[in-house]
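A.B. asks:
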Amino acid sequence: MPRRQTRTILLSQELDRVVADQVASGHYSSASEVVRARLRTLIEGQSSPDATPVGDSVG
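Position 11 of the sequence shown, counting from 1, maps to 11 under UniProt numbering, and the rest follow consecutively.
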């Protein structure tokens, strides 16, 4: 298994609530799981030909 890095991130109250709701729903057992799953989704989306590169904002 690859070595994991510890990282501290700051979330707005709204994003923190989304993460907490996902954990409370039972879909994930921790905030870390929520963030990892969503980052994987973001990366997978980058493989589509019309995807916006990570870091680029739309609007």
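Quick reminder that beta carbons are idealized off the backbone N, C-alpha and C, glycines included.
Owing to the predicted nature of the structure, the values given are computational and were not obtained by experimental measurement.
By the 10 Å Cβ neighbour count, where 16 or more other Cβ atoms means buried, how is Gly-59 classified, buried or exposed?
C.D. replies: Here residue 59 is taken as the residue at index 59 of the sequence shown, counted from 1. Note that Gly-59 has pLDDT 42, beneath the 50 cutoff, so the model's placement of it is unreliable and the number below is only indicative. Exposed, by the Cβ-count rule.
A.B. asks: For Gln-46, does the three-state DSSP call read helix, strand or coil?
C.D. replies: Start at 1 with the first residue of the sequence shown, and residue 46 comes out as number 46. Here Gln-46 sits in coil by DSSP.
A.B. asks: Taking the C-alpha atoms as reference points, what is the distance between Gly-45 and Gln-5?
C.D. replies: In the sequence shown, residue 45 corresponds to position 45, counting from 1. In the sequence shown, residue 5 corresponds to position 5, counting from 1. Each residue's Cα considered, the two are about 23 Å apart.
A.B. asks: I believe Val-23 touches Ser-30 by the beta-carbon criterion, under 8 Å. Please report the beta-carbon distance rounded to the nearest angstrom.
C.D. replies: Taking the first residue of the sequence shown as 1, we reach residue 23 at position 23. Taking the first residue of the sequence shown as 1, we reach residue 30 at position 30. About 6 Å; that satisfies the 8 Å criterion.
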